[in-house]
Amino acid sequence: MVISLVNNKGGVGKTTSAQNIGAALHRFAEARVLFIDLDGQASLTRCFGIQESQVGSNNAGTFIARDDVPIEAIVKKTPVGDLLPSSAELNNKEDYIKASPIFPFNLKLRLEKYKSQYDFVIIDCPPTLSAMTRIALVACDMYMVPLQAEFLSYEGLRNFLNYSKEIQLISPQTQLGGVFATRYNPRINKKLSNDLIEATKQQLGDKFFTSYIRDNISVSEAQASGTDIFNYAPESNGAKDYYQLTREILSSFKK
2 MVISLVNNKG GVGKTTSAQN IGAALHRFAE ARVLFIDLDG QASLTRCFGI QESQVGSNNA
62 GTFIARDDVP IEAIVKKTPV GDLLPSSAEL NNKEDYIKAS PIFPFNLKLR LEKYKSQYDF
122 VIIDCPPTLS AMTRIALVAC DMYMVPLQAE FLSYEGLRNF LNYSKEIQLI SPQTQLGGVF
182 ATRYNPRINK KLSNDLIEAT KQQLGDKFFT SYIRDNISVS EAQASGTDIF NYAPESNGAK
242 DYYQLTREIL SSFKK
């Protein structure tokens, strides 16, 4: 199962969710997980405690662009799975990948040889509708969208869902897995936030997850420490929320 975490707006918890959903799948479902960092800012890579100096040109872009480079030459081992890391050098590969005659199927075709080694592939995308986001959507079976409960994020979601419909024309297997709220607590957030969440529920039906991610300082602290929330603070609200969300995601596969 290939899952892309996508949103064309930054700061909504996309990278945080990619790390911790993948970590929950490994820790609680005993899944073999491959993480792919497709953002040139390398946020997911740093969240695992891996610095750009340790990556350089051995990044996910090299794996995608070169058929002669095996995945074993690129991946970094983490306690919760393998990681195809990113670095600023990834941005230099984007034009080359986009100019390829197989674009936007580059990543999909490269993963075919390796998918059997993993139960889940989790792709963290850049916060733009770039070539990297496009190849991630084409490569995935489903995409998940974190939504911050604010007006601009809500508007961005509507625009993104329209964009994803275009992707499905060339990649019919790509489906919306679900949308979930981040930095949200119905007991605390103001009326506008609650109204936006309710409007999204009405629009998406069962594609809007009932689980939500509350603000929790432990999540940021875990990232700064180069680890996931379950290892850093297993009793925290962040760990409880991501555990519950991952359970709901797994349950949605059975529907």
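Take any residue in the sequence shown, note its place counting from 1, add 1, and you have its number in our numbering. Yeah, the Cβ is synthetic: ideal placement off N, Cα and C, and Gly gets one too.
Please report the straight-line C-alpha distance between Val220 and Ala19, rounded to a whole angstrom. Cα to Cα, Val220 sits roughly 13 angstroms from Ala19.
Could you check whether Ala66 and Ile98 sit closer than 8 angstroms to each other, using their CB atoms as the reference points? Yes.
Counting only the same chain and skipping the five closest in sequence on each side, list residues whose C-beta sits under 7 angstroms from that of Phe64. Within the same chain, Cβ atoms closer than 7 angstroms to the Cβ of Phe64 are found at Val70, Ile72, Ile75, Leu85 and Arg111, the five residues on either side in sequence being excluded.
Could you compute how far the alpha carbon of Leu39 sits from the alpha carbon of Cys126? Each residue's alpha carbon lies about 5 angstroms from the other.
I'd like the list of long-range same chain contacts for Pro105, defined as Cβ closer than 6 angstroms, with 5 residues on each side in sequence excluded. Hits under 6 angstroms: Arg135, Ile136 and Val139.
Specify, as a first and last residue, the run of the beta strand (DSSP E) that Ala182 falls within. Counting along the chain, the beta strand (DSSP E) containing Ala182 begins and ends at Gln176 to Thr183.
Express the C-alpha separation of Gly179 and Asn60 in angstroms, rounding to a whole number. In a straight line, the C-alpha of Asn60 is about 28 angstroms away from that of Gly179.
For the alpha helix (DSSP H) that contains Asp196, what are its first and last residues? Per DSSP, Asp196 belongs to the alpha helix (DSSP H) from Lys192 to Leu205.
Suppose contacts are defined by Cβ-Cβ distances below 8 angstroms. Is Asn8 in contact with Val146 by that definition? Result yes, Cβ atoms of Asn8 and Val146 sit closer than 8 angstroms.
DSSP on Thr46, reduced to helix/strand/coil? Looking at Thr46 - three-state DSSP - the assignment turns out to be helix.
Between Lys41 and Asn93, what straight-line distance do the alpha-carbon atoms span, to the nearest angstrom? According to the sequence as given, residue 41 is Gly; it is not Lys. Gly41 and Asn93: Cα-Cα distance of roughly 9 angstroms.
Inter-residue CB distance, Leu251 and Ala30 (contact presumed, cutoff 8 angstroms): Rounded, the Cβ-Cβ distance is 7 angstroms, consistent with contact.
The stretch 191-211 contacting the stretch 222-233, beta-carbon criterion three pairs below 8 angstroms: No contact exists between the stretch 191-211 and the stretch 222-233.
Per DSSP, the bridge partner or partners of Met2: Met2 is bridged by DSSP to nothing; it lacks a bridge partner.
Start-to-end residues for the beta strand (DSSP E) that takes in Thr211: First-last of the beta strand (DSSP E) with Thr211: Phe209 to Ile214.
Which residues bound the alpha helix (DSSP H) around Phe231? For Phe231, the enclosing alpha helix (DSSP H) has its first and last residue at Ile230 to Tyr233.
Where do the N-terminal and C-terminal ends of the beta strand (DSSP E) with Asp83 fall, by residue? Asp83 -> beta strand (DSSP E) spans Gly82 to Leu85.
Rounded straight-line distance, which links the Cα of Tyr243 to that of Asp216: Straight-line Cα distance between these residues: approximately 12 angstroms.
Beta carbon of Val1 nearer than 8 angstroms to that of Tyr119: Because the chain is modelled from 2 through 256, residue 1 falls outside the range shown and cannot be assessed.
So what does DSSP say about Val122, is it helix, strand or coil? Strand.
Burial state of Ser5 (16 or more Cβ within 10 Å): Counting Cβ neighbours within 10 Å, Ser5 comes out buried, since at least 16 surround it.
Determine whether the beta carbon atoms of Glu151 and Phe210 lie at a separation below 8 angstroms. Result no, Cβ atoms of Glu151 and Phe210 do not sit closer than 8 angstroms.
On the DSSP bridge assignment, give the partners of Thr79 in chain order. Under DSSP, Thr79 shares a beta bridge with Gly82.
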